[in-house]
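In UniProt numbering, the protein residues as written are 1 to 590.
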Amino acid sequence: MADLGQLSLSEVQDAIHQLDKNEQSARPLLQDPTRQIRLFTLWPGTQESPIQGVFSVAILDDGPDYQCISYVWGDATVTKDITVDGKEFKITTSLFSVLRRIRSEQKNLTVWANALCINQDDHEEKRVQVDMMFDIYSKCRNCFLWLGEVDLLDGELDLDIARYCLNFIEFCDDADLEKDDDGFSTAEGLMKIRLTFRSLVSCQWWRRIWTVQECVAPHTAIFLWGPLTISRSPLIHFCENSMRMAFETRRWISDKLDEHYFEAAGALVSLLQVLSALRHRIESKSQAVLDGVASISFLWNACDRRALDPRDKIFALLPFIAGALARVKSSNYDIDCVELYSRVTVDLIRSCQSLLPLMGRRQSEMPLEEPSWVLDWHRQEMAQHGELNAFGTALQLTHHFDASHGLPQLDFQNLVSGNGRHLRLRGYFVDTLVYSIVPPAELSSIPDRPFNYVQHLITLREIWKHCVARDTFSVLRKLDRPLVTNEAIAEFSGMWDDVLNLDKLSESQDWHMKENARLQYWLYTRIMAIFIASAGRFGVGTWDVKLGDEVWKAVQATCRLYYDRSGMTAATLAVQIRSFYQGGMIDTTW
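Below, the structure written as structure tokens:
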């Protein structure tokens, strides 16, 4: 079996083309693909009998009765045969599995599945039908959310244990406080729940970008996990249900939950948060389309999900972010990925009326070679050092920093050069970097006990202070000018203690409510460097700053930007803490 992670986009597209190559006669032609959809009627059969059915065409606005399927395509190079109107038809093994899972032994079942009902080889049909997908899913009678088979964890898990955990998730959603807890808070019960969470989060369905809208759009949906079932609501709302149980409704259970449970549950909750928030907006009749800042945050939260075609990182989320994208209104597969991502980056800047979209870039991402200012959503993968929401943290910092205060407005209508390769910014030169120090590698490691934040922040502070004292101050003393005195160094050291103000914190204190906790966690989750500029200015910036980089105060930028003259503009968060000047210290203006 081919590893899709090792296949190029062209190889994946070739495999998809092979699925469609001999099947055009089986699919009826859509006379009006902007209004019509193909439906597949799955004929009844036993578990082992061949899968057979027939296509039909329906007008979506006429309200046809059908159910949708949400699944992971899997390896497009490995296929199974089904029979459609007497003709052989190739589909992926994943789609084959879910069709066999939902098939009735007595009745026909009319379904819609994207790979089955859209001609993937016809770009115009694909564009139009993909743009209709949110409506297709929202108008279906029900949606089957196929998670795949249950991973039994090499025998540690069985189906009875997995079913027990799904009962626990439904229990958390039940308003009946007198309902028997079925031993969920016992040591044995918690062990069963943890094992099931481990298996549940390993399902690839959670990591597919298209499953976001496929999950939240339908009025009714049900998760299928091997032979097990659970309705959508209790599962995707498990985050708030478990929190409500912990602090309001069932304290007698939550008081017995241990850190191992919270670690396992936390992994599941992180997968559910985006789905839960979007579904809440739809259920409450709120506007599903997000504004500029909300669109950026949503993109950062969702971009860890995978797509065979990197353009789908945007197209799959268009129903929610189209309001912020003036130049990306449809799933146009005729433009390349760089052009699409360039349009998205510029549209987000214009929507926010600031350079805010360029903040929060994950350090696991290397910028596109050309142009480097474009946000590369395809290469955003789960960070290896806890950067789960770098943009969200950076956004909080904008409440404290405003580097562009008092500067004129940016010309948002002329942001990009004629060839689309250069971003036109305005600003003032601040200084040139002459030295940088990257702290030890252990700062980037994921903690073994991720809920022990305070202890890890205390360790962080000690490492950073040692780094400052050993490397930074020694460099300052060697500078060929009287910029820094011992008094200034002592004052800087005290300021550093203020930034990482953990002296009075203990394990029992509500540290996350502290005003500086965001900055602490931001430092903790990023590989940062302390830099020194030519005039003696200090700053904290990204690990890749280097000798000769310039710091600019840019128009519409809340934080200062680095500029590398050897390449394109590299907009990166640069938090300048203080400036040393002629042996004294002055506050930096933000």
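Every residue gets a Cβ at the ideal spot worked out from N, C-alpha and C, and that includes glycine.
Cβ neighbours of arginine 35 within its own chain (closer than 7 Å, five residues either side excluded): Ile59, Leu60, Asp61.
Between proline 371 and histidine 422, the CB-CB gap stays under 8 Å. The secondary-structure analysis by DSSP pairs valine 111 across a beta bridge with Phe40, Gln67. With a contact defined as Cβ atoms closer than 8 Å, cysteine 303 and serine 276 miss out at about 18 Å.
The straight-line gap separating the alpha-carbon atoms of glutamine 31 and leucine 308 is approximately 28 Å. Pairing threonine 432 with glycine 548 gives a Cβ-Cβ distance under 8 Å.
Our two residues, lysine 87 and leucine 147, have alpha carbons roughly 29 Å apart in a direct line. In the three-state scheme derived from DSSP, where H, G and I count as helix and E and B as strand, isoleucine 209 is classed as coil. Take leucine 271, set aside five residues on each side of it, and the residues of its chain with a beta-carbon closer than 7 Å to its own are Val201, Trp206, in chain order. Cβ-Cβ distances below 8 Å link glutamate 125 to Leu30, Pro33, Ile118, Asn119 in the same chain, with the five nearest sequence neighbours on each side left out; the list follows chain order.
With fewer than 16 other Cβ atoms from the protein chains shown falling within 10 Å of its own Cβ, threonine 46 counts as exposed. Taking C-beta atoms as the reference points, valine 555 and alanine 529 fail to come closer than 8 Å.
Asparagine 108 counts as exposed, since fewer than 16 other beta carbons sit within 10 angstroms of its beta carbon. Proximity of the stretch 91-105 to the stretch 61-71 meets the contact definition, three or more beta-carbon pairs being nearer than 8 Å. In its chain, beyond the 5 residues on either side, Val150, Asp151, Leu152, Leu153, Leu157, Ala162 have a beta carbon closer than 8 Å to the beta carbon of serine 199. Boundaries of the beta strand (DSSP E) harbouring serine 231: 228-231, taken from the DSSP string. Counting along the chain, glycine 53 sits inside the beta strand (DSSP E) bounded by residues 52-59. Around the CB of threonine 345, 16 or more other CB atoms lie within 10 Å, so the residue is classed as buried. In the three-state reduction of the DSSP assignment, cysteine 140 falls in the coil class. One alpha carbon belongs to tyrosine 261, the other to leucine 190, and they sit about 7 Å apart. Residue burial is scored here from C-beta neighbours: methionine 359 has at least 16 other C-beta atoms within 10 angstroms and is therefore classed as buried. Secondary-structure assignment with DSSP links tyrosine 435 through a beta bridge to Ile532.
A check of alpha carbon separations from leucine 290 across Glu214, Arg279, Gly323, Gln273 identifies Gly323 as the nearest.
Here serine 284 is not near proline 218, since their CB atoms are 8 Å or more apart. Between phenylalanine 168 and isoleucine 193 the beta-carbon gap is near 6 Å, inside 8 Å, which marks them as a contact. Taking C-beta atoms as the reference points, threonine 186 and cysteine 165 fail to come closer than 8 Å. Residue pairing by DSSP places alanine 554 opposite Gly427 in a beta bridge. In the three-state reduction of the DSSP assignment, glutamate 149 falls in the coil class. One thing to note: isoleucine 51 has its Cβ within 8 Å of the Cβ of phenylalanine 96. In the three-state reduction of the DSSP assignment, lysine 313 falls in the helix class, which pools H, G and I.
Judged by DSSP secondary structure, aspartate 81 falls within the beta strand (DSSP E) whose first and last residues are 79-84. The C-alpha of alanine 267 is placed about 36 Å away from the C-alpha of valine 128. Under a 10 Å Cβ-count criterion, aspartate 182 is classified as exposed, with fewer than 16 other Cβ atoms of the shown protein chains found around its own Cβ. Serine 534 and valine 434 have their C-alpha atoms roughly 6 Å apart. Between histidine 237 and proline 310, the beta carbon gap of about 31 Å keeps them out of contact (Cβ cut-off 8 Å). Taking C-beta atoms as the reference points, phenylalanine 144 and valine 98 count as a pair closer than 8 Å.
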